[in-house]
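In our numbering, the protein residues as written are 3 to 376. Okay, so here's the structure we're looking at.
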Amino acid sequence: MPTTMRVPFGALVRQAESLGAELTDALVRVAQGGWYVLGAEVQAFEAAFAAYCGAAHCVGVASGFEALYLALAALDIGPGDEVITVANACVYQAAAILQAGARPVFVEVNPHTHNLDPERLEAALTPRTKAVMPVHLYGQLAELGAIRASAARRGIPVIEDAAQAHGAWQLEHGGERRAGAWGDLACFSFYPSKNLGALGDAGAITTHDPALAERLRRLRMYGWGEKYVTTELGGRNSRLDEIQAAALRVKLRHLDAWNAARRERAAWYRELLAGLPLELPADAPGHVYHLFVVACATRDDLRQHLLAAGVGCDVHYPLPTHLQPAYAHLGYRPGDLPITERLAATMLSLPLYPELTRAEVDYVAGAVRQFFWQ
3 MPTTMRVPFG
13 ALVRQAESLG
23 AELTDALVRV
33 AQGGWYVLGA
43 EVQAFEAAFA
53 AYCGAAHCVG
63 VASGFEALYL
73 ALAALDIGPG
83 DEVITVANAC
93 VYQAAAILQA
103 GARPVFVEVN
113 PHTHNLDPER
123 LEAALTPRTK
133 AVMPVHLYGQ
143 LAELGAIRAS
153 AARRGIPVIE
163 DAAQAHGAWQ
173 LEHGGERRAG
183 AWGDLACFSF
193 YPSKNLGALG
203 DAGAITTHDP
213 ALAERLRRLR
223 MYGWGEKYVT
233 TELGGRNSRL
243 DEIQAAALRV
253 KLRHLDAWNA
263 ARRERAAWYR
273 ELLAGLPLEL
283 PADAPGHVYH
293 LFVVACATRD
303 DLRQHLLAAG
313 VGCDVHYPLP
323 THLQPAYAHL
333 GYRPGDLPIT
343 ERLAATMLSL
353 PLYPELTRAE
363 VDYVAGAVRQ
373 FFWQ
């Protein structure tokens, strides 16, 4: 297929250009205001994001990883404890769990949604289990009703990893409930490529519990109860800065429209790729398509074909966490999580972002079809 177009896997500059003066004015406001850490912008964003998620509280932190770690710290999870999570979402969850001193326990995923399989959760719970950390992978919520029910029977808190699910929702009692409002705590990353992305690293934790929120505010700031007065150990420097908060306030106003655009482009892909020997993503009304990920038995060949055709694509994620070299001490072996391992060998992410044009989607789909027809 001759290269007639180049479609980048990501194009963050398009979003920045679309925001124009709205974003520039916010950044200038911060620069001229003279207050750059934990000020009015952070407070305003925390209030707005909590309301958006349907949570009572939001605590801004330095990154999504810091959100995961501080959530564990706020629950006093440490040595001797276990935290149940999945192995198909890179290493962030396991790294945070290990940094807290606890042990990650990996549960197999649902082969269609790629999220933690609640039917396998019960067997993994032990007296040492101190939290369950489901991941809302690629923008689709895990089956939180069933997961919460299993955890609640043993009094175990649920920590949502919502880093890829800003604005995603599921129905509960006939109403929409967004990511960030289901768990005891929910952790968000605002890495620039996320559905709601900052201009650098940034993160947040939402919760309904005022005591947990207050503890998180202490932990993100050295453990201070008030300035220069340390009231608890385990604190660190993990603050959301004013510039990132100001940018996120601007972008939050556009999030629903951007998510709708992602769903529209996902529908285009579904139409254009129908009938090919590909496994397309599971769909649900509240899916916000952080990524559009297909499964292909000849994934690596397809990837090379697309790159040669000028189509940016990526693999999320090529090596499951339980098989990462640094985590060999956990005792997992190839074959322990066969669904997770199969997905890692077959998944390929195609370009998908709100600014992607119909012509670009047509070109990407055409390149995929050409691979199978050649």
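Idealized CB from N, CA, C, for every residue including glycine.
Delimiting residues of the alpha helix (DSSP H) encompassing residue i
i, result
"Q326", "Looking at the DSSP string, Q326 is not in any alpha helix (DSSP H), and its letter there is neither H nor E."
"P120", "120-126"
"G147", "146-154"
"K380", "Outside the displayed span of the chain (3 to 376) sits residue 380, for which this structure offers no information."
"S351", "No alpha helix (DSSP H) holds S351; the beta strand (DSSP E) holding it covers 349-352."
"A53", "42-55"
"A247", "244-254"
"A259", "257-275"
Cα-Cα separation, residue i to residue j
i, j, result
"W226", "R31", "28 Å"
"W375", "R305", "15 Å"
"L293", "A183", "22 Å"
"E145", "T6", "42 Å"
"Y271", "R238", "44 Å"
"E362", "G147", "38 Å"
"E124", "S152", "6 Å"
"K196", "M349", "19 Å"
"P129", "L187", "21 Å"
"I79", "L242", "23 Å"
"P120", "C92", "20 Å"
"R105", "D364", "45 Å"
"P159", "D303", "43 Å"
"D163", "Y94", "10 Å"
Beta-bridge pairing of residue i - partner residues as DSSP gives them
i, result
"R1", "In the structure as shown, the chain starts at 3 and stops at 376, and residue 1 therefore has no counterpart that could be examined."
"Q172", "R179"
"S191", "G205"
"G368", "For G368, which the question treats as bridged, DSSP gives no partner whatsoever."
"M7", "None, per the DSSP bridge assignment."
"I86", "V107, V134"
"E362", "DSSP output for E362 lists no bridge partner at all."
"N239", "M223"
Which of helix, strand or coil DSSP assigns to residue i
i, result
"G312", "coil"
"K132", "strand"
"L143", "coil"
"D303", "helix"
"E68", "helix"
"C60", "strand"
"E357", "coil"
"N112", "coil"
"V160", "strand"
"A98", "helix"
Neighbourhood of residue i by C-beta distance below 6 Å, restricted to the same chain and skipping five residues each side
i, result
"R180", "C55, G56, W171"
"L14", "P194"
Residue i, enclosing beta strand (DSSP E) - first and last residue
i, result
"P106", "105-108"
"C92", "From DSSP, C92 is part of no beta strand (DSSP E); its letter is neither H nor E."
"G199", "Careful: G199 lies outside any beta strand (DSSP E) and carries neither H nor E."
"D27", "First-last for D27: 23-35, but that is the alpha helix (DSSP H), not the beta strand (DSSP E)."
"V317", "Looking at the DSSP string, V317 is not in any beta strand (DSSP E), and its letter there is neither H nor E."
Contacting residues, own chain, Cβ-Cβ under 8 Å from residue i (five flanking each side not counted)
i, result
"E343", "P322, L325, P336, G337"
"P283", "Y140, Q142, A268, H289, Y291, F294, V295, V296"
"V252", "L21, E24, L25, A28"
Cutoff 7 Å; reference residue i; Cβ partners in own chain excluding five residues on either side
i, result
"L218", "V61, L72, A76, I207"
"G236", "A75, L221, G225"
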